[in-house]
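Enquirer: Pasting a structure here, questions to come.
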Amino acid sequence: GQEAGGELEGRSFTGQSVRRFEDRRILTGEAEYIHDVTPPNCLEMAIVRSVHAHAEVVDVDTSAAEDHPDCELVLTIDDLKESYNPQPCGLEGYEEWSLADGKARFVGEPIAVVVAADRYLAEDMADLVDVTYETLDPVVDGMAAREADTLVHEDAGSNVADNVRLTFGDPDGAFADADRVVEGTYEWGRVSGVPLETAGVVAQYDEDGDSFHIDCNIQLHTLVDDTVYETLGRPADRVELNVPADVGGSFGTKIAIHRYCNLASMAAEQLGRPVKFVEDRIENLQGGDMHCSERTYEMRLACDDDGTMRGLDVWFVDDFGAWPHYPVNQVLKPLSVLTNAYAIDDVAYEYDLVLTNKTAQTAYRGFGVDPHQYALEMLVDDAARELGIDPTEFRRRNLVTPDQLPYRIPSGNIYDSGDYPGAMDRMGEILDENERCEGGLLDPEVVEERREEGFYRGTQTAVLIEPGVSGSDWTDRQRTDDETLANRTREDVAELPEHLRAEVKPDGTVLAWLATDSSGQGHQTLVAQLLADELGLLPSDIEVDYLDSVEAPTEYGSAASRMAVMLSGASVGVGERLRENLAALAADHWGVEREAVDYRDGRVELGGIDDALSLADLAALDDEGRTRVSYDYEHPATDFPEFDDALTSKYPVYPTAAYAVNAPIVEVDVETGEVEVLKFYTLRDCGTMLNPMIVEGQAHGGIAQGLGAALMEEFGYDQDSGQPQAITMFDYLLPSTKNMPDIEMEHTVHPSPFTETGAKGVGEGGMIDAPAAIACSINDALEPLGVTADRLPFTAHRARKRLREAEE
Ligand code: MCN
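Okay, so the sequence shown: first residue is 3 according to our numbering, each after it adds one.
Structure representation (structure tokens):
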């Protein structure tokens with residue numbers, strides 16, 4: 003299907019499953035992670051953390067630690083207040099310090115830091131710090147927090163940190179006119195990315211320059227260095243962030259590690275020596291500000307008896323934990339897929355962002371879209387059953403059709419390209435041919451036999467949209483007033499640039515630098531593929547390295563599934579400039595007009611074959627730096643000719659809409675409640691695939707995380723004490739190979755008309771589309787018993803509970 007787009011014509015490597023250059027060093031143990039960074043004289047830091055969910059910190063007695071000969075430094079909130087600033091928070095009105103200020107608001111909140119020669123000693127010294135608490139009632143349940151007398155932040159006056167209600171079209175009218183209204187409550191448990199490598203930092207302070215060099219495995223260092231230099235009270239150019247060559251996964255979670263950067267930097271400044279801190283697994287699971295969405299949805303769908311969806315009403319509570327950290331705007335991102343793939347014009351959308359005594363939230367793959375897609379698809383299932391229409395047919399009837407694309411959903415986002423009904427039909431064929439036939443997993447006879455034995459099988463297909471490449475810095479813009487929004491220009495809403503640099507080396511190969519860091523997506527390979535095509539070289543002729551935050555002038559980084567689009571644009575820009583410079587250099591050398599020479603296949607030719615200069619020749623001739631170029635690619639995020647008024651949309655417009663139709667075949671053991679995914683069919687469209695192998699890897703990883711969120715993973719809390727119940731891998735259950743089904747993947751390619759190569763962002767897909775698909779397949783399996791997966795993760799325990807309730 004890849005050829006269908008034709009966007010790759012003339013390209014040899016882009017579009018091929020070129021093996022990832024990153025993998026050799028990762029698989030052979032040569033990769034460099036944060037723990038490999040150990041400057042001379044480096045000390046290590048340990049953190050004294052709150053053992054209570056909610057408590058006044060009456061006293062922090064550091065004397066025993068300070069008197070100990072092995073203790074190099076203890077920092078408390080008093081020390082921070084003397085020399086530094088609070089760390090910027092996601093919403094105004096909250097003063098957050100890197101250490102608890104008078105009150106601890108979650109188990110694991112840092113109270114003090116201790117530095118010693120190594121981590122073992124630092125931990126021992128931390129044990130000597132004596133904290134006196136006066137415990138308070140914790141606020142644990144997000145729904146109850148809205149009305150609770152106990153406040154997580156007294157000054158805020160309420161546990162509801164933010165409430166927004168938006169309407170698009172005329173939802174009241176639609177609900178009044180429709181034949182019926184179906185409603186449901188759906189809950190999404192607290193999950194997170196749990197990368198293999200935990201968060202870490204090595205901070206160094208240079209007294210002469212009063213500057214910091216911070217190595218850390220942060221995702222999006224541009225966003226975070228702002229918060230670090232504000233906290234440290236230094237201008238940006240005196241805080242240099244550098245990410246090691248390899249990061250063992252982030253999935254959004256490592257955006258929020260600025261607290262560690264701040265504390266280690268402060269300690270390094272006080273001591274005049276480098277200070278290292280790398281989270282252990284318990285810290286990562288309980289106290290690292292790294293949990294993500296925990297939501298309760300109440301949703302209503304207005305529909306007519308003929309199966310037409312008329313209006314949608316969304317309300318949810320998102321339990322953000324103790325602090326409204328960046329990125330609070332994940333409660334708004336579902337607007338980018340507000341109606342999923344359905345043509346519904348009239349919608350109301352409201353949320354309460356509440357604070358509780360739990361670990362604060364950060365980003366996680368999908369950025370809040372995943373719970374929305376899950377809840378909406380659950381509602382669609384419930385509505386279909388109430389209408390007495392087959393859920394697949396009900397969905398298909400309401401899908402946006404290919405002739406409507408590009409299509410603008412009511413909240414302003416634009417879906418670029420695809421064939422949603424076609425994809426659903428194709429999945430129907432795949433299931434008919436492979437599984438609904440004799441001997442297949444869904445052979446009606448087999449299904450019946452298994453049911454008699456107490457094992458219920460089912461599957462459900464739905465189209466699930468994945469937004470990619472957000473338009474501009476909407477973190478600020480969401481708070482901007484209406485007039486400013488209405489007067490935006492195209493420049494205001496262009497995608498933040500992505501910087502790429504390249505240089506011809508003396509041997510004629512090319513060294514390129516990425517401005518931002520990867521967490522495992524394979525961007526070095528991607529750039530090598532793209533530049534090889536641009537320059538007529540082999541991918542192995544292109545070495546790709548990273549710039550640090552000071553060297554890189556403009557950048558944003560890998561988030562919102564944007565790098566495929568941004569790096570294609572940047573590579574084309576760098577390629578054009580380099581070809582042009584090399585041609586001009588050769589023309590000058592030969593003393594001919596520029597027009598007399600051509601850049602072709604990795605060399606510059608004069609008059610066809612009269613003479614030629616290789617890249618190595620040109621590098622040797624260059625004494626003016628013409629063999630080194632850089633380019634800042636800004637994606638015209640709103641360059642949608644059909645939709646000039648997209649500019650007036652208040653909310654970010656996502657230029658690409660990848661999608662998947664999944665058909666997980668699930669089997670529920672109704673005695674134990676255990677759900678097994680027997681096989682996972684998936685049909686995916688991310689436009690032109692730049693590297694199909696990487697695309698498939700992204701989908702596999704995303705589906706594994708989606709399966710975890712659907713069936714296994716959850717950061718539970720004791721409802722009385724607020725103590726976290728999942729602080730080791732024994733309690734926080736990640737899917738392993740044992741839980742993963744065979745994934746049968748097929749692609750359909752509808753190139754995006756809005757991007758350089760027709761590629762659409764794909765990096766969050768599986769996590770967005772697998773939970774909804776698995777939940778709806780469970781609904782199908784348990785339909786005869788009247789049970790639905792209305793609370794994720796749908797663990798065996800929950801399934802059994804629901805099955806028993808249904809029996810009563
Ligand atoms: N790709 C492609 N063809 C396309 C689209 C993408 O070949 N049509 C390739 C790209 O070349 C890139 C990868 O797929 O190597 C993902 O591209 P893209 O969708 O643009 O996403 P980003 O590169 O911007 O990565 C961010 C995205 C997000 S938001 C999260 S969260 C996430 C994810 O990627 N975190 C990850 N995937 C991850 N994968 C790993 N291994 N580790 C993480 O932390």
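By construction, the Cβ of each residue, glycine as well, lies at the ideal position given by its N, Cα and C atoms.
No experiment lies behind these values; they were computed from the predicted model shown.
1) Measuring CA to CA, which of Ala572, Val184 and Ser723 is closest to Leu502?
2) Taking only three categories from DSSP, how would you classify Lys762?
3) Just to confirm, is the Cβ distance from Leu355 to Ala163 under 8 angstroms?
4) Under 7 angstroms from any heavy atom of the ligand MCN, does the C-beta of Cys73 make it?
5) Would you mind stating whether Ile667 and Leu685 have Cβ atoms separated by less than 8 angstroms?
6) If you follow the alpha helix (DSSP H) that Gly144 is in, where does it begin and where does it stop?
7) Do Gly524 and Arg22 have their C-beta atoms within less than 8 angstroms of each other?
8) Please work out which residues of its chain come closer than 7 angstroms, Cβ to Cβ, to Ala180, disregarding the five sequence neighbours upstream and downstream, and give them in chain order.
9) Under a Cβ-count criterion, where at least 16 other Cβ atoms within 10 Å of its own Cβ denotes burial, should Ser738 be classed as buried or exposed?
10) Any chance the CB of Thr690 is under 7 angstroms from a heavy atom of the ligand MCN?
11) Quickly, what does DSSP pair Asn87 with across the bridge? List them, please.
12) Look up Ala176 in the DSSP assignment and say whether it is helix, strand or coil.
13) Excluding the 5 residues preceding and the 5 following Ala128 in the sequence, name in chain order all residues of the same chain whose CB lies nearer than 6 angstroms to its CB.
14) I'd like the list of long-range same chain contacts for Leu101, defined as Cβ closer than 8 angstroms, with 5 residues on each side in sequence excluded.
15) Under 7 angstroms from any heavy atom of the ligand MCN, does the C-beta of Asn741 make it?
16) Taking C-beta to C-beta, are Ala201 and Ile259 nearer than 8 angstroms?
17) Should Lys762 be labelled buried (16 or more other beta-carbon atoms within 10 Å of its own) or exposed?
18) Can you tell me whether Gly704 is buried or exposed, with buried defined as 16 or more other CB within 10 angstroms of its CB?
19) Return the CA-CA distance between Val594 and Val529, expressed in angstroms with no decimal places.
20) Span of the alpha helix (DSSP H) holding Ile432?
21) Beta carbon of Leu794, beta carbon of Trp190: below 8 angstroms?
22) Using the Cβ count rule (16 or more neighbours within 10 Å means buried), how would you classify Thr298?
23) With hydrogens ignored, establish whether the beta-carbon of Asn693 is closer than 7 angstroms to any heavy atom of the ligand MCN.
24) Is Gly323 near the ligand MCN, going by C-beta to nearest heavy atom under 7 angstroms?
25) For the structure I just gave you, are there three or more beta carbon pairs, one from the stretch 630-647 and one from the stretch 730-748, closer than 8 angstroms?
26) Could you tell me the alpha carbon to alpha carbon distance between Pro654 and Pro755, rounded to whole angstroms?
27) Work out the CA separation of Leu381 and Gln4 for me, nearest whole Å.
28) From Thr477 to Gln332, what distance separates their C-alpha atoms?
29) Curious, which full-length beta strand (DSSP E) runs of at least 3 residues does the stretch 695-754 contain?
30) Just the C-alpha distance for Thr527 and Ser520, rounded to the nearest angstrom, thanks.
31) Curious, which full-length beta strand (DSSP E) runs of at least 3 residues does the stretch 182-263 contain?
32) Just reading off the beta strand (DSSP E) that Lys681 is part of, what are its end residues?
33) Nearest to Val672 by alpha carbon, out of Arg459, Pro743, Arg581 and Ala585?
34) Would Val319 be called buried (16 or more neighbouring beta carbons within 10 Å of its own) or exposed?
35) Among all the DSSP beta bridges, which residues are the ones paired with Glu669?
Expert: If we stick to the structure as given:
1) As a working note, residue 502 is residue 500 in the sequence shown. Ranking Ala572, Val184 and Ser723 by CA distance to the CA of Leu502 puts Ala572 first.
2) Residue mapping note: residue 762 aligns to position 760 of the sequence shown, counting from 1. Reduced to three states, the DSSP call for Lys762 is coil.
3) Taking the first residue of the sequence shown as 1, we reach residue 355 at position 353. Taking the first residue of the sequence shown as 1, we reach residue 163 at position 161. Yes, they are a contact pair.
4) Reading the sequence shown from its first residue, position 71 is the one you call residue 73. Taking 7 angstroms as the cut-off, one finds no heavy atom of the ligand MCN near enough to the beta carbon of Cys73.
5) The residue labelled residue 667 in the question sits at position 665 within the sequence shown. The residue labelled residue 685 in the question sits at position 683 within the sequence shown. No, they are not a contact pair.
6) Position 142 of the sequence shown, counting from 1, holds the residue named residue 144. Note, Gly144: alpha helix (DSSP H), Gly144 to Ala147.
7) The count along the sequence shown starts at 1 and reaches residue 524 at position 522. The count along the sequence shown starts at 1 and reaches residue 22 at position 20. With contacts defined by Cβ atoms closer than 8 angstroms, Gly524 and Arg22 form a contacting pair.
8) Here residue 180 corresponds to residue number 178 of the sequence shown, with the count starting at 1. Closer than 7 angstroms at Cβ, skipping near neighbours: Ala304, Cys305, Asp306, Arg312 and Gly313.
9) One-based indexing of the sequence shown puts residue 738 at position 736. Exposed.
10) Position 688 of the sequence shown holds residue 690. Yes, Cβ of Thr690 sits closer than 7 angstroms to a heavy atom of the ligand MCN.
11) As a working note, residue 87 is residue 85 in the sequence shown. Answer is none; Asn87 lacks a bridge partner.
12) Looking up residue 176 in the sequence shown gives position 174. The answer is helix: DSSP assigns Ala176 an H, G or I state.
13) Taking the first residue of the sequence shown as 1, we reach residue 128 at position 126. Closer than 6 angstroms at Cβ, skipping near neighbours: Ala48, Val50 and Val116.
14) Against the sequence shown, residue 101 aligns to sequence position 99. Leu77, Thr78, Ile79, Leu82, Pro112, Ile113, Ala114, Val115 and Leu265.
15) Locating residue 741 in the sequence shown gives position 739, where the first residue counts as 1. Distance from the C-beta of Asn741 to the nearest heavy atom of the ligand MCN is not below 7 angstroms.
16) Residue mapping note: residue 201 aligns to position 199 of the sequence shown, counting from 1. Residue mapping note: residue 259 aligns to position 257 of the sequence shown, counting from 1. Their beta carbons are under 8 angstroms apart, which means Ala201 touches Ile259 by this criterion.
17) Numbered from its first residue, the sequence shown carries residue 762 at position 760. Burial is judged here by how many other beta carbons sit within 10 angstroms of a residue's own beta carbon; Lys762 has at least 16 and is buried.
18) Locating residue 704 in the sequence shown gives position 702, counting from the first residue. Per the 10 Å Cβ criterion, buried.
19) In the sequence shown, residue 594 corresponds to position 592, counting from 1. In the sequence shown, residue 529 corresponds to position 527, counting from 1. Looking at the two C-alpha atoms, the distance is approximately 33 angstroms.
20) Position 430 of the sequence shown, counted from the start, is the residue given in the question as residue 432. Tyr422 to Asn436 is the extent of the alpha helix (DSSP H) around Ile432.
21) By 1-based counting over the sequence shown, the position of residue 794 is 792. By 1-based counting over the sequence shown, the position of residue 190 is 188. Yes, these two residues count as a Cβ contact at 8 angstroms.
22) Taking the sequence shown and counting its residues from 1, one reaches residue 298 at position 296. With 16 or more Cβ atoms within 10 Å of its Cβ, Thr298 is classed as buried.
23) Within the sequence shown, the letter at position 691 stands for residue 693. Asn693: yes, Cβ under 7 angstroms from the ligand MCN.
24) Locating residue 323 in the sequence shown gives position 321, where the first residue counts as 1. Distances taken from the Cβ of Gly323 to the heavy atoms of the ligand MCN include none shorter than 7 angstroms.
25) Here the stretch 630-647 makes no contact with the stretch 730-748; the two share fewer than three CB pairs at distances below 8 angstroms.
26) The residue you call residue 654 lines up with position 652 of the sequence shown. The residue you call residue 755 lines up with position 753 of the sequence shown. Cα to Cα, the separation comes out at about 18 angstroms.
27) As a working mapping, residue 4 is identified with position 2 in the sequence shown. As a working mapping, residue 381 is identified with position 379 in the sequence shown. Note on Gln4: pLDDT 43, under 50, position unreliable in the model; no value is reported.
28) Indexing the sequence shown from 1 puts residue 477 at position 475. Indexing the sequence shown from 1 puts residue 332 at position 330. With a pLDDT of 47 at Thr477, under the threshold of 50, the predicted position of this residue should be treated as unreliable, and no value is reported.
29) The qualifying runs are 744-749.
30) In the sequence shown, residue 527 corresponds to position 525, counting from 1. In the sequence shown, residue 520 corresponds to position 518, counting from 1. Inter-residue distance for Thr527 and Ser520 is about 11 angstroms (C-alpha atoms, whole angstroms).
31) The stretch 182-263 contains, as complete beta strand (DSSP E) runs of 3+ residues, the segments 182-190, 202-208, 213-218 and 241-244 (chain order).
32) Translated into the one-based positions of the sequence shown, residue 681 becomes position 679. First-last of the beta strand (DSSP E) with Lys681: Val677 to Asp687.
33) Counting from 1 along the sequence shown, the entry for residue 672 is found at position 670. Ranking Arg459, Pro743, Arg581 and Ala585 by Cα distance to Val672 puts Arg459 first.
34) The residue labelled residue 319 in the question sits at position 317 within the sequence shown. So Val319 ends up on the buried side.
35) Locating residue 669 in the sequence shown gives position 667, where the first residue counts as 1. Glu669 pairs with Arg459 and Glu678.
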